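In our numbering, the protein residues as written are 1031 to 1093.
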């Protein structure tokens, strides 16, 4: 069963980014987050959409 939403810490661990990057992506509007009480949560669909929007690695030039 997949998660409905990630905490910032869970998102960072799952997607390999730092908290600063996560908050910058939220502030820029590229990553959607919601507040639940004091917690900031990232819906799973938003996390997946954010990942798909990242530039692909050109495998022809990969080392």
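Cβ atoms here follow ideal geometry from the backbone N, Cα and C, with glycine treated the same way.
Nothing here was measured: the structure is a model prediction, and the numbers come from that model.
How about residue i: is its C-beta nearer than 8 angstroms to some C-beta of chain C?
i: residue 1064; result: Judged by its chain identifiers, the structure shown contains no chain C, having just a single protein chain.
Should residue i go down as buried or exposed, given a rule of 16 or more other Cβ atoms within 10 Å for buried?
i: residue 1081; result: exposed
i: residue 1077; result: buried
Report all residues from its chain with a CB closer than 7 angstroms to the CB of residue i; omit the five preceding and five following residues, and keep chain order.
i: residue 1056; result: 1063
i: residue 1097; result: Any question about residue 1097 goes unanswered here, given that the chain covers just 1031 to 1093.
Could you pull the start and end residues of the alpha helix (DSSP H) that residue i belongs to?
i: residue 1066; result: From DSSP, residue 1066 is part of no alpha helix (DSSP H) but of the beta strand (DSSP E) over 1064-1066.
i: residue 1052; result: 1049-1058
Tell me which same chain residues have a C-beta within less than 8 angstroms of the C-beta of residue i, skipping the five on either side of it?
i: residue 1053; result: 1038
i: residue 1074; result: 1032, 1033, 1034, 1035, 1036
i: residue 1049; result: 1038, 1039, 1042
What residues match up with residue i in a beta bridge as DSSP calls it?
i: residue 1036; result: 1072
Would residue i and residue j be called neighbours here (beta carbons separated by less than 8 angstroms)?
i: residue 1083; j: residue 1060; result: yes
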